[in-house]
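Structure first, then comments.
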Amino acid sequence: MTDPAPAPPPRRRTQAERVEESGRRLLTAAAELIAEKGWEATTAAEIGRRAGYSRAMVHARFGSKDALLDALLRSEYEERLSPGEAPASTSGLERVLMILDRMRTLHDEDPAFLASMFAVSFQAVNHSPVLRPRITAWIRRIAEAAEAGLRAGIADGSVRGDLDVDQAVADLIATGTGTAYGWLVVPERFDLARQLTVWRERCLRDLGTGAPPSPLD
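Have a look at this one:
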């Protein structure tokens, strides 16, 4: 009986792979620290140490702490929290529900990340000159996406024609904010998965017509 062939040596990672990994670890560390102590109190050195690198790694990878924040909000908020492009056949109401469904998917796949991102959002209340304008811009984009979906839904028949769109968008933002806050502060009394399910059902009942959308010319 011959001895088994020795296992091949592990493949050495490329420089690009090492850069990508270090960037991801720094972003994760930054999100955790912001959630724990706020953006203003978090230093670049702390982010580097939390990620397992030297204190200078933030500047080596991103240039500055503010640039890291931009990357964090762009890659984590906008890419992971965005519902993405909808197929052309998607009704207006379905486009609105995609926002809720994306939150539910993240809750099921990575609740720690979702909690960090919610906590980062609430840090913007402190009038941080760095954090607040970025979070405000992101929430405005969500509101614009919801408004566009509702107006498209009125046009295709999936959303009630008598709906006050501005008020509906305000209600969606307020419900989302309250849902996130409740889950962070009293998680033992606030089942986020159930709340998202109830919220989705309420949107179908209160916003929708119950009729299939009509094709638009």
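Here this note's numbering is used: the first residue of the sequence shown is 18, the next is one more, and so on. Glycine included, every Cβ here is placed at the ideal spot set by N, Cα and C. Source: prediction; values computed, not measured.
Separation of serine 71 and glycine 65 (C-alpha to C-alpha, rounded to the nearest whole angstrom) is 6 Å.
Linking glutamine 184 to alanine 191 through their CA atoms gives a straight-line distance of about 10 Å. Excluding five sequence positions before and after serine 138, the CB atoms of its chain that fall closer than 6 Å to its own CB belong to Ile152, given in chain order. Annotation: glutamate 53 to phenylalanine 135 spans about 12 Å, alpha carbon to alpha carbon.
When Cβ pairs closer than 8 Å are counted between the two stretches, the region 175 to 183 is seen not to touch the region 68 to 82, the count staying below three. Excluding residues up to 5 positions away in sequence, His124 and Trp200 lie with their Cβ nearer than 6 Å to the Cβ of leucine 209 in the same chain. Residue range 128 to 140 is occupied by the alpha helix (DSSP H) that includes phenylalanine 130. The residue among Ser106, Glu111, Tyr198 and Gly225 with its C-alpha nearest the C-alpha of leucine 131 is Tyr198.
The three-state reading of DSSP puts valine 176 in strand, counting E and B together.
In this chain, the alpha helix (DSSP H) harbouring tyrosine 198 covers 182 to 202.
Secondary structure of glycine 101 (DSSP, three-state): coil. Non-local beta-carbon contacts of glycine 55 in its own chain, meaning distances under 6 Å to residues more than five positions away in sequence, involve Gln140 in chain order. The Cβ-Cβ distance between alanine 73 and leucine 44 does not fall below 8 Å. In the same chain as glutamate 49, and ignoring 5 residues on each side of it, the C-beta atoms closer than 7 Å to its own belong to Arg67 and Ser133, in chain order.
The alpha helix (DSSP H) runs of length 4 or more contained entirely in the region 146 to 174 are, from start to end of the chain, 148 to 173. Residue pairing by DSSP puts glycine 225 in a beta bridge opposite Val176. Sorting Gly69, Ser108 and Gln212 by C-alpha distance to the C-alpha of arginine 168 places Ser108 at the top. In the DSSP assignment, glycine 40 falls within the unbroken alpha helix (DSSP H) covering 32 to 54.
Residues of the same chain with a CB within less than 6 Å of the CB of phenylalanine 207, apart from the 5 flanking positions on each side, are Gly199 and Trp200 in chain order.
Taking 8 Å as the cut-off, the beta carbon of leucine 85 is found no closer than this to the beta carbon of tryptophan 216. Taken through DSSP and simplified to helix, strand or coil, phenylalanine 79 comes out as helix.
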